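**Student:**
In my numbering, the protein residues as written are 16 to 407.
#1: For the region 292–375, list the alpha helix (DSSP H) runs that are entirely contained and at least 4 residues long, ordered along the chain.
#2: Can you give the beta carbon distance from residue 36 to residue 66, rounded, assuming they're within the 8 Å contact cut?
#3: Compute the minimum distance between the beta carbon of residue 129 and the heavy atoms of the ligand GTP, and state whether it is under 7 Å.
#4: With 16 as the cutoff for other CB atoms within 10 Å, does residue 175 come out buried or exposed?
#5: Just tell me which of 181, 289 and 299 has its CA closest to the CA of residue 114.
#6: Hey, could you find the ends of the beta strand (DSSP E) residue 139 is sitting in?
#7: What does the alpha-carbon distance come out to for the pair residue 317 and residue 68?
#8: Determine which residues share a DSSP beta bridge with residue 165 and list them.
#9: With 16 other CB atoms within 10 Å as the buried threshold, where does residue 283 fall?
#10: Can you check whether the CB of residue 319 is closer than 8 Å to the CB of residue 352?
#11: For residue 185 versus residue 241, is the C-beta spacing smaller than 8 Å?
#12: How is the beta strand (DSSP E) around residue 284 delimited, first residue to last?
#13: Report the three-state DSSP secondary structure of residue 93 (helix, strand or coil).
#14: How would you write the range of the alpha helix (DSSP H) that residue 243 sits in, first residue to last?
#15: Are residue 72 and residue 55 close, meaning C-beta to C-beta below 8 Å?
#16: Are residue 222 and residue 266 closer than 8 Å when you measure CB to CB?
#17: Residues bridged to residue 66 by DSSP?
#18: Terminal residues of the continuous beta strand (DSSP E) containing residue 56?
#19: My assumption, with CB atoms under 8 Å, is that residue 21 sits in contact with residue 57. Please give the rounded CB distance.
#20: Below 8 Å on the Cβ atoms is my contact criterion, and I expect residue 117 with residue 198 to pass it. Report the Cβ-Cβ distance as a whole number of Å.
#21: Among residues of its own chain, excluding the 5 on either side of residue 100, which ones have a beta-carbon nearer than 8 Å to its beta-carbon?
#22: For residue 16, count the other beta carbons within 10 Å of its own beta carbon; 16 or more makes it buried, fewer makes it exposed. Which is it?
#23: Taking DSSP as the reference, what is the three-state secondary structure of residue 116?
#24: Taking C-alpha atoms, which residue in 288, 270, 268 and 312 lies nearest to residue 281?
#25: May I ask you to verify whether the region 289–309 touches the region 342–349, counting CB pairs closer than 8 Å and requiring at least 3?
#26: Count the other CB atoms, across all protein chains shown, that sit within 10 Å of the CB of residue 254; report buried if there are 16 or more and exposed otherwise.
#27: On the CB-based measure, 16 or more other CB atoms within 10 Å of its CB, does residue 236 come out buried or exposed?
#28: Since residue 43 sits in a beta bridge, which residues does DSSP pair it with?
#29: Starting from residue 17 and walking both ways along the alpha helix (DSSP H), at which residues does that stretch end?
What follows is the structure, encoded as structure tokens:
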């Protein structure tokens, strides 16, 4: 087992086949080193990677508490501090995430399994609901069974299908604490009336959070994390290896987006990754990370781009500024913002005024080295700045 942190490099002894297997995952960069060894360089992905008999533990540069702050979907810190401390001690992210997921689902289902009405079309011996006239005529004059249409109040709803799929996958993970495995087994039994279906990214997009299923939101967020980032593969013999790698860029973007959406509710609508066009005639499509609209008129008031990794000079890269300038130009806005993750010794905010354009491009950095409550305070100040049009 080898340990490294994001964007760092280590030299390890690998066979050519192992090096190629690691390279093909896309999670790390692999190149030859002197003496027949190989250099492995971590990227923005952190977690545990198991490939061809090689196990890598890649840790983020931020502390464990704030990693779980980025992972969690809206729960208070008390809900995940235990798992953060366990991860800090072990370095293996996967068991801690599975434990967090198991406890969150247990709390969610403890309030009762979600049920809802949904339409069904079925041929039955006795009429239920209303007859399906078209379906009955297709039965070539047969009197029974009767083609029916009815609304069924059932647990077999999309939210429960997502949870069941994630629980089943989590139960296959090795090295899970026995207590958490028992939790997952009980949860699978509680969802026994829910169909086993394949869950993809578009499945999550079709789940709409309302006041009726709001209590499912944290569990669904963690289910998405498990299903999207957990990979199981057969290893030597009858054992199973598991890899769990999460992209810090994606985590940072999702976290800031959701927190700003919460802070700006009623003041500005936060739209993630809308398509805008730089050229006339809808030419040169682009997707800024965040666009802020007036809730009354729908008018675009502000645009922002999110970057987890800050340039070494703490000024942001030229390419990032060019990109933001294109967004402000396409949207005809005077100001735009680059939102970065920063180190404690870096400036919190700086503004570049573009020559011959009169546009202000502001770099605002969020410090993820402090306590979770300090991070939340920074997000709140950022929301106030965006709402007030403050860019300097």
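Glycine residues also receive a C-beta, built at the ideal position from the N, C-alpha and C atoms. Bear in mind the structure is a predicted one, so any value in this text is a computation, not a measurement.
**Tutor:** Quick look at the numbers:
#1: 333–345
#2: 5 Å
#3: For the ligand GTP, the structure offers nothing, since it holds no ligand at all.
#4: buried
#5: 181
#6: 131–139
#7: 49 Å
#8: 135
#9: buried
#10: yes
#11: yes
#12: 284–287
#13: helix
#14: 232–244
#15: no
#16: no
#17: 69
#18: 53–57
#19: 5 Å
#20: 4 Å
#21: 79
#22: exposed
#23: helix
#24: 312
#25: yes
#26: In this prediction, residue 254 has a pLDDT of 44, which is less than 50 and means its spatial position is unreliable; nothing more can be read from the coordinates.
#27: buried
#28: 57
#29: Premise fails: residue 17 lies in the beta strand (DSSP E), 17–20, not in any alpha helix (DSSP H).
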